[in-house]
Amino acid sequence: MKVSIFDRAQSALKNISERLGQWANTSIDTVVVLGSGLGQFAETLVDQVVIPYEAVPEFVRSTVEGHSGRLVIGLLPESRRLIAIMQGRFHYYEGYSLEEITLPIRTFGAMGVRSLVLTNAAGGVNANFSVGDFMLISDHINMMMKSPLRGKHDYRLGDRFPDMTEVYSREYRQLAQEIAREMSLQLQSGVYMALQGPNYETPAEIRMMRMLGADAVGMSTVPEAIVARQMGMKILGLSLITNSAAGMGEHPINHEEVMLTGERVSRDFTDFMTRFLQRLSSSGQLISEPKGQAR
Ligand code: HPA
198 MKVSIFDRAQ SALKNISERL GQWANTSIDT VVVLGSGLGQ FAETLVDQVV IPYEAVPEFV
258 RSTVEGHSGR LVIGLLPESR RLIAIMQGRF HYYEGYSLEE ITLPIRTFGA MGVRSLVLTN
318 AAGGVNANFS VGDFMLISDH INMMMKSPLR GKHDYRLGDR FPDMTEVYSR EYRQLAQEIA
378 REMSLQLQSG VYMALQGPNY ETPAEIRMMR MLGADAVGMS TVPEAIVARQ MGMKILGLSL
438 ITNSAAGMGE HPINHEEVML TGERVSRDFT DFMTRFLQRL SSSGQLISEP KGQAR
């Protein structure tokens, strides 16, 4: 008999918990999924426990270059915040089902993590964007045309018809804007459109996507966001514009360019992420500074 997603997540949770070593009894505050080229942020965590995805039998195998495929769990520097980083993610184009690629998110949800950062590499569809810009995801369009929630409903996973009016937390977006201002970091904002991939788009497709309201285009994030919202997690979505979308730039798109852009902005990204995570409480809420009050 097919094992349910709920049971697979429970079993993955058990497996991971047994490998957490010194962190076995500490709860994880936030999960951060790192997109192509952004993997370096994981190196900053202190007292790391590293769990390769292969060690979790319930997970599928990552097949993409630049996604090393491991969980890195450790403290955010100078804090007691325990963070789990997914260095590499699973993609629909690898041939797995949307249920399978979102299993890690289900697993962290089952652990009780309430707060999720989803990052990705994306092509810039909005002509005002430059390569190397970050874009806050304000909303998404699911052009994968499939939902990870399709199938017989299991109430233990959440609602049958979860609301998607605010997938990417307004509060998190405001905090991200505030931090970008502090850093004098250019932070764009816009709609992320997800396609199945793995081929990049044609120029005609990109023109269509712009008409439909896309600012950036990529091959991930949306299934994870849908699953996380069903479980009631709060989400920050962040795209790195690694290239101009097809037909908009000088040359064809290639994966090397995507990875190189990630490396180029990796210091800003690390600084931004660290500041953002430092300002979340253990339950994923904003730690607000009392304004105009003596402390
Ligand atoms: N299209 C789709 N996915 C991408 C792109 C792109 O141009 N760049 C990085 N991921």
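Here the sequence shown is numbered in the numbering used here, starting from 198 and rising by one per residue.
Heads up, the beta-carbon is just placed ideally off N, CA and C, and yes, glycines get one too.
Keep in mind that this is a model prediction, so the values were computed, not measured.
Looking at the unbroken beta strand (DSSP E) that takes in residue i, where does it start and where does it end?
i	result
Tyr389	384-391
Ile376	Counting along the chain, Ile376 falls outside any beta strand (DSSP E), though it belongs to the alpha helix (DSSP H) covering 367-380.
Met336	Note that residue 336 is Asp in the sequence shown here, rather than Met. 331-339 is the extent of the beta strand (DSSP E) around Asp336.
Ala422	Taken as a continuous stretch (DSSP letters only), Ala422 belongs to no beta strand (DSSP E), being part of the alpha helix (DSSP H) at 419-427.
Gly434	431-441
Leu300	Here Leu300 belongs to no beta strand (DSSP E); instead the alpha helix (DSSP H) covers 300-308.
Glu413	At residue 413 the sequence reads Ala, which differs from the Glu that was named. Counting along the chain, the beta strand (DSSP E) containing Ala413 begins and ends at 413-415.
Gly394	No beta strand (DSSP E) holds Gly394; DSSP gives it neither H nor E.
Thr458	Looking at the DSSP string, Thr458 is not in any beta strand (DSSP E); the run it does join, the alpha helix (DSSP H), is 452-461.
Could you round the C-beta distance between residue i and residue j to whole angstroms and report it? I think they count as a contact, below 8 angstroms.
i	j	result
Gly266	Gly285	4 angstroms
Ala422	Gly434	7 angstroms
Ile213	Thr304	7 angstroms
Ala443	Glu398	5 angstroms
Asp244	Leu217	Not really, about 11 angstroms apart at Cβ, beyond 8 angstroms.
Gln393	Met361	Actually they are not in contact, since the Cβ atoms of Gln393 and Met361 sit about 19 angstroms apart, beyond 8 angstroms.
Leu242	Ile280	6 angstroms
Phe256	Leu300	6 angstroms
Below 8 angstroms, is the gap between the Cβ of residue i and the nearest heavy atom of the ligand HPA?
i	result
Tyr365	no
Ser233	yes
Tyr397	yes
Asn440	yes
Ile450	yes
Val455	yes
Leu392	yes
Val230	no
Ala401	no
Val414	yes
Asn212	no
Gly481	no
Asn139	An answer regarding residue 139 cannot be provided, because it is not within the stretch 198 to 492 covered by the chain.
Gly320	yes
Ala497	Outside the displayed span of the chain (198 to 492) sits residue 497, for which this structure offers no information.
Ser443	Looking at the sequence itself, residue 443 is Ala, so the reference to Ser does not match. Checking the Cβ of Ala443 against the ligand HPA gives yes.
In terms of DSSP beta bridges, what is residue i paired with?
i	result
Arg267	Pro249, Gln284
Leu474	Looking at the DSSP assignment, Leu474 forms no beta bridge with any residue, so it has no partner.
Leu231	Gln284
Thr467	Per DSSP, none; premise fails for Thr467.
Starting from the Cα of residue i, find the closest Cα among the options and give me that residue.
i	options	result
Gly348	Met340, Met341, Arg357	Arg357
Val414	Glu402, Arg461, Ala425	Glu402
Met540	Leu483, Gln482, Val462, Val200	In the structure as shown, the chain begins at 198 and stops at 492. Residue 540 is therefore absent and cannot be evaluated.
Gly320	Ser233, Leu300, Gly309, Glu379	Ser233
Ser335	Ala307, Gly329, Arg370	Arg370
Ile248	Trp220, Leu268, Ile432	Leu268
Leu382	Ala206, Arg476, Phe466	Phe466
What first and last residue would you give for the alpha helix (DSSP H) that runs through residue i?
i	result
Ala206	202-215
Val257	Unbroken run through Val257: none, as it is neither H nor E.
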